[in-house]
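Worksheet: one structure, shown below.
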Amino acid sequence: MLIILPNIALIESSFRPYLPLNEIDGPRDSYTLANYQRFLSTPVGFDIFGMSIDVPIHLRIFITTVLYSIFVTAIILIIGYPAAYYMTKTISPSNMAIFFIVLTVPMWVSEILRSFAWFTILSFKGPLNALLIEIGVINSEVRWIRGYYGIIIGLVYTYMLFMVFPLYSSMQSLDKNQIEAAQDLGASWWRTHWRVIVPHCKPGIVSGCVMVFMLSAGSLLVPSLLGSPNSLWFTQTIQQLMLEALDWNTGAAYSLLFLSLCTFVVVAMMWAFKVKLSDITN
Amino acid sequence: MFRHSQIKIGHLYLALFLLYLLLPLGVMGGASLNDSRFPTVYPWMGLTDKWFIALWNDSRMWGALRNSVVVAIGVVLLAVPTGTAAAFVISSMSGTARTILYGALIAPVLAPGAVIGISTLLFWAKLSVPPGLHLSVLGQVSYIASLVMLLVLARLRSLDASLEEAAIDLGASHAQVLRYIVFPHLAPALTASAAVAFFQSMENFNITLFTRGTSSSDTLTVYVFSMVRGGVTPSINALALIIVSVTLLVTTTFALLRQSSKRP
Numbered sequence: 032m033l034i035i036l037p038n039i040a041l042i043e044s045s046f047r048p049y050l051p052l053n054e055i056d057g058p059r060d061s062y063t064l065a066n067y068q069r070f071l072s073t074p075v076g077f078d079i080f081g082m083s084i085d086v087p088i089h090l091r092i093f094i095t096t097v098l099y100s101i102f103v104t105a106i107i108l109i110i111g112y113p114a115a116y117y118m119t120k121t122i123s124p125s126n127m128a129i130f131f132i133v134l135t136v137p138m139w140v141s142e143i144l145r146s147f148a149w150f151t152i153l154s155f156k157g158p159l160n161a162l163l164i165e166i167g168v169i170n171s172e173v174r175w176i177r178g179y180y181g182i183i184i185g186l187v188y189t190y191m192l193f194m195v196f197p198l199y200s201s202m203q204s205l206d207k208n209q210i211e212a213a214q215d216l217g218a219s220w221w222r223t224h225w226r227v228i229v230p231h232c233k234p235g236i237v238s239g240c241v242m243v244f245m246l247s248a249g250s251l252l253v254p255s256l257l258g259s260p261n262s263l264w265f266t267q268t269i270q271q272l273m274l275e276a277l278d279w280n281t282g283a284a285y286s287l288l289f290l291s292l293c294t295f296v297v298v299a300m301m302w303a304f305k306v307k308l309s310d311i312t313n
Numbered sequence: 002m003f004r005h006s007q008i009k010i011g012h013l014y015l016a017l018f019l020l021y022l023l024l025p026l027g028v029m030g031g032a033s034l035n036d037s038r039f040p041t042v043y044p045w046m047g048l049t050d051k052w053f054i055a056l057w058n059d060s061r062m063w064g065a066l067r068n069s070v071v072v073a074i075g076v077v078l079l080a081v082p083t084g085t086a087a088a089f090v091i092s093s094m095s096g097t098a099r100t101i102l103y104g105a106l107i108a109p110v111l112a113p114g115a116v117i118g119i120s121t122l123l124f125w126a127k128l129s130v131p132p133g134l135h136l137s138v139l140g141q142v143s144y145i146a147s148l149v150m151l152l153v154l155a156r157l158r159s160l161d162a163s164l165e166e167a168a169i170d171l172g173a174s175h176a177q178v179l180r181y182i183v184f185p186h187l188a189p190a191l192t193a194s195a196a197v198a199f200f201q202s203m204e205n206f207n208i209t210l211f212t213r214g215t216s217s218s219d220t221l222t223v224y225v226f227s228m229v230r231g232g233v234t235p236s237i238n239a240l241a242l243i244i245v246s247v248t249l250l251v252t253t254t255f256a257l258l259r260q261s262s263k264r265p
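One line per chain: the protein sequences are A and B, in this order. Here the first sequence is numbered in our numbering, starting from 32 and rising by one per residue. Here the second sequence is numbered in our numbering, starting from 2 and rising by one per residue.
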């Protein structure tokens, strides 16, 4: 076995590794290099990058993006946790298959349509306003797509399932008897969750949170469709720099900043909760 | 066992949860059938098919659809072999090197799409390759190949190593082992990853937006995006309804196929 496996590996790797390295790491690796070169060698990139600290408008956008992404992640966790919990506990396996099909439909429908759905609902002449007027809750149309409200609603909806699925798969492996034992021993509802279920699902919770945070912070569609000019997302800033101002240097520098934020979040979460990288991507 | 009331609460919560997930899609689709100037369902003005006809006659939509499909096929053709190869390499390694390579290979999955798009654009611009749909393919491959790798890797883990050994002991060449043992075992994962790659590519927006170049080469998602931003008509809802229906059809068939294959 010790001979055959490396042999197969050798055959495999002899003609294959240059391909994945070329394809997968190529753009990213050179990206970092190219960026640093631009970043350091061209004064343009450096100056404007320095300005983002002096003139804090972009820094502010950056921080609000991070804060709102954390907020969105928290909401999704609060809504998604009970959903995953009840999915594991109250649905019989035979019904689960059907339930899963229905559940995965919004996930397969693309991100743009999910945010467009809310664009339709929240739009000024849309169904929500009409319905609320009819019921008598409000007197005239409300502009929902204003400030960060629309973005938060959209992000929560769009990325909900990215939290529910990891939670569900981690809860599935929990032995029902453990919960019953805890309850029999007199643990309260709250205590059962906190001491038994949450520790068990930690990898699921962490991976869900990391996924949702990254997706929300990196989302470009949702903020563009459901946001307004006074609620810029950091990705929108990057997009404006790249495609409208055609300032690729700054755009690159900003995306590098953004990438390091993401890396930092993942590493910090993994370190704080002692979860391995392979757990997150499962 | 669980108390009855608890199960009831659970079902109620899940029903609300499903409603929350599905209702927006229903509203969006329903709006395309409403004879109203705005995409809405509530003041119901009667059934109409004019938005579908408008969509049918929109040549830009057809071009975008064609572009999307071409890109998606390109992505599948590149990402599936690359990702599979990467999975082989990873599974044959161990120790620190494996961890490092694994981290490097799955990084694109976690990295934001906008960053991947920009990096692809910059990298190829350095080599003086102009932006366009071919870059969109390359950019999308960089993270979709990682998804493929994860799928294949999961399947590869369940492959019994003694099967390979047996084959080799019986005089099979390595190529034969690959052909008759490894690939048949991987077949479901390969099909699934091709499907995932296709759909991921179809719905990709972030990477495509940055790499597509001129506005004549928009894909379906970019088209929808530009339509929504500049004066939306319910024909977009019509398109959405079609996409949702197709998605529903495909996921259901896929799930049914999987179920029937589980029960021999």
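Yeah, the Cβ is synthetic: ideal placement off N, Cα and C, and Gly gets one too.
Within chain A, the residues that residue i reaches when beta carbons sit closer than 7 Å
{"i": "B/THR222", "result": "SER141 and ILE143"}
{"i": "B/ASN238", "result": "THR151"}
{"i": "B/VAL28", "result": "ALA148, THR151, ILE152 and PRO158"}
{"i": "B/ALA241", "result": "LEU144 and PHE147"}
Residue-level contact to chain B via CB, residue i, 8 Å cutoff
{"i": "A/PHE193", "result": "no"}
{"i": "A/PRO113", "result": "yes"}
{"i": "A/LEU205", "result": "no"}
{"i": "A/LYS233", "result": "no"}
{"i": "A/PRO230", "result": "no"}
{"i": "A/MET245", "result": "yes"}
{"i": "A/VAL298", "result": "no"}
{"i": "A/ILE293", "result": "The question names Ile, but residue 293 of chain A in the sequence shown is Cys. Chain B contact via Cβ: present."}
{"i": "A/ARG59", "result": "Since pLDDT at A/ARG59 reaches only 38, below the 50 mark, its modelled position is unreliable, and no value is offered."}
{"i": "A/THR223", "result": "no"}
{"i": "A/ALA128", "result": "yes"}
Chain A within 8 Å of residue i, Cβ atoms only
{"i": "B/HIS186", "result": "no"}
{"i": "B/LEU250", "result": "no"}
{"i": "B/MET62", "result": "no"}
{"i": "B/GLY11", "result": "yes"}
{"i": "B/PRO25", "result": "yes"}
{"i": "B/ILE74", "result": "no"}
{"i": "B/PHE199", "result": "no"}
{"i": "B/THR212", "result": "no"}
{"i": "B/VAL153", "result": "no"}
{"i": "B/ILE182", "result": "no"}
{"i": "B/ASN207", "result": "yes"}
Interface partners of residue i on chain B, CB under 7 Å
{"i": "A/GLY249", "result": "PRO113, GLY114 and ALA115"}
Exposed unless 16 or more other CB atoms sit within 10 angstroms - verdict on residue i
{"i": "A/VAL298", "result": "exposed"}
{"i": "B/ASP170", "result": "exposed"}
{"i": "B/PHE290", "result": "The shown model of chain B, from 2 to 265, leaves out residue 290 of chain B, and the question about it has no answer."}
{"i": "A/THR294", "result": "exposed"}
{"i": "A/TYR112", "result": "buried"}
{"i": "B/ASP219", "result": "buried"}
{"i": "A/GLU54", "result": "Unreliable positioning characterises A/GLU54 in this predicted model, as indicated by a pLDDT of 36, which lies under 50. A coordinate reading is not provided."}
{"i": "B/ARG156", "result": "buried"}
{"i": "A/THR268", "result": "buried"}
{"i": "A/GLY181", "result": "buried"}
Among the options, the one whose alpha carbon lies nearest that of residue i
{"i": "B/SER147", "options": "B/LYS9, B/LEU102, B/VAL178 and B/SER227", "result": "B/LEU102"}
{"i": "B/GLY114", "options": "B/THR254, B/ASP161 and B/GLN201", "result": "B/GLN201"}
{"i": "B/PRO273", "options": "B/SER137, B/MET62, B/GLN7 and B/PHE53", "result": "Lying before the first or after the last residue shown, residue 273 of chain B is absent from chain B, which here runs from 2 to 265."}
{"i": "B/ASP59", "options": "B/TYR224, B/GLN177, B/THR254 and B/HIS175", "result": "B/TYR224"}
{"i": "A/LEU288", "options": "B/LEU23, B/LEU66 and B/ILE119", "result": "B/ILE119"}
{"i": "A/VAL229", "options": "A/PHE304, A/SER123 and A/PHE102", "result": "A/PHE304"}
CB of residue i within 8 Å of CB of residue j, strictly
{"i": "B/SER33", "j": "B/LEU242", "result": "yes"}
{"i": "A/LEU98", "j": "A/PRO137", "result": "no"}
{"i": "B/LEU29", "j": "A/ALA148", "result": "Here residue 29 of chain B turns out to be Met, not Leu, going by the sequence shown. Yes, these two residues count as a Cβ contact at 8 Å."}
{"i": "B/PHE206", "j": "A/LEU251", "result": "yes"}
{"i": "A/LYS233", "j": "B/GLY11", "result": "no"}
{"i": "B/ALA195", "j": "B/VAL77", "result": "yes"}
{"i": "B/ILE117", "j": "B/ALA198", "result": "no"}
{"i": "B/VAL178", "j": "B/ALA190", "result": "no"}
{"i": "A/ILE166", "j": "A/LEU198", "result": "no"}
{"i": "A/VAL241", "j": "A/VAL296", "result": "yes"}
{"i": "A/LEU263", "j": "A/HIS231", "result": "no"}
Interface residues of chain B facing residue i [CB-CB closer than 8 Å]
{"i": "A/TYR180", "result": "None at all; the shortest Cβ gap to chain B is about 16 Å."}
{"i": "A/GLN270", "result": "ALA115, LEU210 and PHE211"}
Proximal residues of chain A, C-beta to C-beta of residue i below 8 Å
{"i": "B/TYR14", "result": "PRO113, ALA114 and TYR117"}
{"i": "B/ALA32", "result": "THR151 and PRO158"}
{"i": "B/THR253", "result": "ILE132"}
Contact with chain D by residue i, beta-carbon distance below 8 Å
{"i": "A/ILE132", "result": "Note that chain D does not occur in the displayed structure, where the protein chains are A and B."}
Residue i: contacting residues in chain B (beta-carbon distance under 9 Å)
{"i": "A/TYR188", "result": "TYR21, LEU22 and PRO25"}
Heavy atom of the ligand COA within 7 Å of residue i beta-carbon
{"i": "B/LEU249", "result": "The ligand COA is not part of the structure shown, which contains no ligands of any sort."}
Interface partners of residue i on chain A, CB under 9 Å
{"i": "B/VAL225", "result": "SER141, ILE143, LEU144 and PHE147"}
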